[in-house]
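Following this note's numbering, the numbering of the sequence shown begins with 8 at its first residue and continues without gaps.
Heads up, the beta-carbon is just placed ideally off N, CA and C, and yes, glycines get one too.
These figures come from a predicted structure and were not determined experimentally.
Before any comments, here is the structure.
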Amino acid sequence: MGKWDWRTVLEKTVLLLSIVGSFRVGSNHLSDNQVVLLDTTTAIGELGWKTYPVNGWDAITEMDEYNRPIHTYQVCNVMEANQNNWLRTNWISRDAAQKVFVEMKFTLRDCNSIPWVVGTCKETFNLHYMESDDAHAVKFKPTQYSKIDTIAADESFTQMDLGDRILKLNTEVREVGPITKKGFYLAFQDIGACIALVSVRVYYKKCPYMVRNLAMFPDTIPRVDSSSLVEVRGSCIKYAEERDTPKLYCGADGDWLVPLGRCVCSIGYEEVDGSCHACRPGFYKSFAGNIKCSKCPPHSFTYAEATTVCQCEKGFYRAEKDPPSMACTKPPSAPRNANFNMNETALYLEWSPPIDTGGRKDVVYNVLCKKCDPSQCELCGGGIRYVPAHSGLQNASVTVLDFLSHVNYTFDIEATNGVSELSFLPKPYTSIMITTDQEAPSLIGMVRKDWASQNSIALSWQEPDYPKGLIVDYEIKYYEKDYPRIAPAFWHYLRVEEHEQLSYSSTRSKAPSVIITGLKPATKYIFHIRVRTTAGYSAYSHKFEFETGDETSDLAAEQGQILVIATAAVGGFTLLVILTLFFLITGRCQWYIKAKMKSEEKRRANLQNGHLQFPGVKTYIDPDTYEDPSLAVHEFAKEIDPSRIRIERVIGAGEFGEVCSGRLKTPAKKEIPVAIKTLKGGYVDRQRKDFLREASIMGQFDHPNIIRLEGVVTKSRPVMIVVEYMENGSLDSFLRKHDGQFTVIQLVGMLRGIASGMKYLSDMGYVHRDLAARNILVNSNLVCKVSDFGLSRVLEDDPDAAYTTTGGKIPIRWTAPEAIAFRKFSSASDAWSYGIVMWEVMSYGERPYWEMSNQDVILSIEEGYRLPAPMGCPVSLHQLMLHCWQKDRNIRPKFSDIVGFLDKLIRNPSALHILVEDILGMPESPGDAPEYHFVVTVSEWLESIKMGQYAHNFMASGFTTLDMVSRMTIDDIRRIGITLIGHQRRIVTSIQTLRLQIMHIQEKGFHV
């Protein structure tokens, strides 16, 4: 090839560039997060960049096939050494940028493909910049510019590429910054390369305007430091409001990161495609949130947009506390079928609820009394008493006291609900007319206090003038004046006359006088007295208030009593001397002593053999009956030599000291694992007696499901109780630790063991009082054993008797209602507690009644609420629980019945898989369990499980039918806004029961 024409090479390059339309940068996609400051591909006229020297870089403009200009700058002075050709842009405003990016597209000739240029040709060029606050015409000085980088080509072209019209385009991007002045110049330095600068684009990055979570975030420039983020607070879009402060963080690459907070559509507006739109007519939204507008509830309407509460139809109302999601309701109709029952002292009125309750459940009843003669009626006034009250009655019955004989009464019974006061119509009522033609004994008149001491009061009164029969006796009821009033939960446990006071005492007297003892000093008491004749009881007398004396008032009486006691003592001593001489003289004293000793030995033998009252039947003996409780310990527990005990480690703490594990050497020289309860030092004698009392109790039991007492250490310190060691600890913590790891039949086996142990205790005439999963211990073979006899008490001879405590704490969640109300305990109350233990086992140690307070538990039980079946619990087992939770303790199952029923389940495991067939009745089950009560609406169902506060959450989220609710999952429950774990579990468990009920209804051919 001859001498190379370098100008021709450049022209061919330009020509090729004009043909290759794909080189146009303008066809490239631009990101939303880039702000372009300079783009040579979009310039219409000449660029007008400066070159130094003038003959270094050449500006070439060609038109593409769309008649758009392509601006390029080229240089190819490769034949001469020491090239220094500069190309400078015009002044570029940096706008809001702190850092900019320079994108360069160029082609570069391979030096090896150019002959005769060895040593003078380069394949790189340099990029420089200079900051300036404005454009200036100062002479170009290379020393003013700062170098950014040396730019090299990834791809270079050769002569062959030119001939084949193949050109390789390079793209390089460099960062420039931080930039502090208003603008800058870019400069390209050629040092001897063959280059065509096809395009230059200068831009900076931003986080673009965005709407996210209904919040607007403006364009934001990132920081120069790529490791730091810019926090941006958003503003809510129109018709939206903040729920949590909306925030985004702008990253260095112009990306929004870490979204926090959100906005929600305001009341009356719903979210549609990322914006808030007004609710349509006929729909409403009563609170802010990202949920849809709801259709107006029944008997309400709206014709406007953006409605927050729908208006009620004519004749329907919404109470002040009714949520907007609740249907508008109306007052109820009149009660029906009023009737009465009357005895000598009380008139019992009852009626049927109204046919139409107005769509509400808060129906209450008011009773108005009138006395009528043939000419007119007048109000009864304050003489008549109503139990529990004459207004606001929730039950359809009331008891009337202190009415007069031979009087015509008219009782108007009206029904009201939460919207009755909003209606201008008269309240509907039904009337019943009664003539009191029965005569009861007249009341006791004046009652006198004859005398009073610190602890006693003597009362007397006159016999009634008209007793209406022979007087049998008098009943005296009394209580402290300021004692707390009865809780509403226990109305049904008390007789009518007892409603006013829960903690009262009563006594009887044949004569019209009585001495009341066991009272508190300087305390006021209220007394009521009534007479019982062959015709029946009279009403109670009016209240009489008397006060006991204090120490000062008793001093004089005590001084008088000292003389009487001293005189009696002298006389008694003289009589004793005479009798002693008489026995010695007759020779009978020795016979009497021997006979007495023989009788005592016989009693002790019966105690030791467990034959106190019924030969052949072992009966529990209360250690408290011993004059010296330490005798009971040695009667029933073996004394262990402390050298046989080896304590290994502390495993817990008890009420009286530490609980340890260790080893006990048996008489056969074997060592067995044991648990050792120790009595801490510094105890008083009373603590020692209480500590050893439990050993006196355990020592009387011998059953595989009762914790076994190995013995006691009482003759040395520390005092110890040694029992068998249960490897798995308490049942409740064991189940929580192994949640869901056992089969149903294994759980039933555990329950059968507990029931067997309780049957053994019940057969001995013994009541536990504190039966709970925490007081059941589990060994390595999963055998459950009843323990913790600290609260236990013996029953009386009568198998239906109950022990009454005088104080102490009661475990409310595990205790039967009658035991809470009266502190009376029986095997029937233990059966109630056993039902709670069943629930604990089937729920793997969950807390009964969840986070409900003790008062809420008491009130809920009284209102008929019972724990729902835990998830995965067979219906047969839940039915047995319901048997144990019968209100009437007399129809609860005996432990022998429970053991027999569980045995049948174990022998027939398929019964544990029954989910529907036994819902309404269970053959061979003890007692008559209550049926499952079916509900009609979602609100009714929520009310039945004490979760009525979430009715709006269900309605607003579209779960408006029981069939839809029965298909809900735990995720659905969380999504509709129920966050409390205990409430979530209760609702999930109740949904399972609901599903069973719906299946049963559908199998019967009905629709939900």
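When DSSP states are grouped into helix, strand and coil, His78 belongs to the strand group. With respect to Cys272, Tyr246 sits close: the two C-beta atoms are nearer than 8 angstroms.
Residue pairing by DSSP puts Tyr416 in a beta bridge opposite Lys378, Ile441. Taking the Cα of Tyr547 as reference, the smallest distance to any Cα among Arg539, His535, Val995 is reached at His535. Taken in chain order, the whole alpha helix (DSSP H) runs of length 4 or more contained in the segment 807-873 are 824-829, 834-849, 861-869. Every beta strand (DSSP E) stretch that sits fully inside the segment 640-701 and reaches 3 residues is listed by chain position as 652-660, 665-672, 678-685. The Cβ neighbour count for Phe431, taken over all protein chains shown within 10 Å, is under 16; the residue is labelled exposed. Judged by DSSP in its simplified three-state form, Ile988 adopts helix. Looking only at Leu267, Gln999, Tyr841, the smallest Cα-Cα distance to Gly879 is reached by Gln999. Residues of the same chain with a CB within less than 7 angstroms of the CB of Ser997, apart from the 5 flanking positions on each side, are Pro875, Ile952 in chain order. A Cβ-Cβ distance of about 5 angstroms is found for the pair Arg250 and Arg269, placing them in contact under the 8 angstroms criterion. Taking C-beta atoms as the reference points, Gly366 and Ala403 fail to come closer than 8 angstroms. Sorting Leu768, Gln105, Trp56, Met349 by C-alpha distance to the C-alpha of Asn97 places Trp56 at the top.
Assignment of Thr336 by DSSP, reduced to helix, strand and coil, places it in the strand class. Per DSSP, Asp197 is one residue of the beta strand (DSSP E) stretching across 190-197. In the three-state reduction of the DSSP assignment, Pro266 falls in the strand class, which pools E and B. Per DSSP, the continuous alpha helix (DSSP H) segment holding Gln886 begins and ends at 882-891. Check the Cα spacing between His885 and each of Leu919, Tyr856, Gly390, Arg914: the tightest is with Leu919.
Look at Glu428 here: in three-state DSSP terms it is helix.
Taking 3 residues as the minimum length, the beta strand (DSSP E) runs contained wholly in the segment 276-302 are 276-279, 282-285, in order along the chain. In the displayed model, Asn348 falls within a strand according to three-state DSSP. The segment 197-211 makes no contact with the segment 140-155, as fewer than three CB pairs between them are under 8 angstroms. With a beta-carbon spacing of about 16 angstroms, Ser301 and Tyr310 fall beyond the 8 angstroms limit used to define contacts.
If you check the CB distance, Ala644 and Val730 do not come in under 8 angstroms.
Less than 8 angstroms separates the beta-carbon of Tyr80 from that of Trp64.
In this structure, Thr178 places its C-beta atom within 8 angstroms of the C-beta atom of Glu110.
Look at Ile202 here: in three-state DSSP terms it is strand.
The Cβ atoms of Ile244 and Phe132 do not sit closer than 8 angstroms to each other.
A straight line joining the alpha-carbon of Lys434 with that of Pro361 spans about 12 angstroms. Remark: fewer than three beta-carbon pairs, one from each stretch, lie closer than 8 angstroms, so the segment 376-383 and the segment 952-966 are not flagged as touching.
Val720 is bridged by DSSP to Met727.
Counted as a single uninterrupted DSSP element, the alpha helix (DSSP H) harbouring Ser740 occupies residues 738-744. If you draw a straight line from the Cα of Arg896 to the Cα of Met888, it is about 14 angstroms long. According to DSSP, Trp468 shares a beta bridge with Val454. Ile761 places its beta carbon less than 8 angstroms from that of Val793. Where Phe908 is concerned, the enclosing alpha helix (DSSP H) starts and stops at 902-914.
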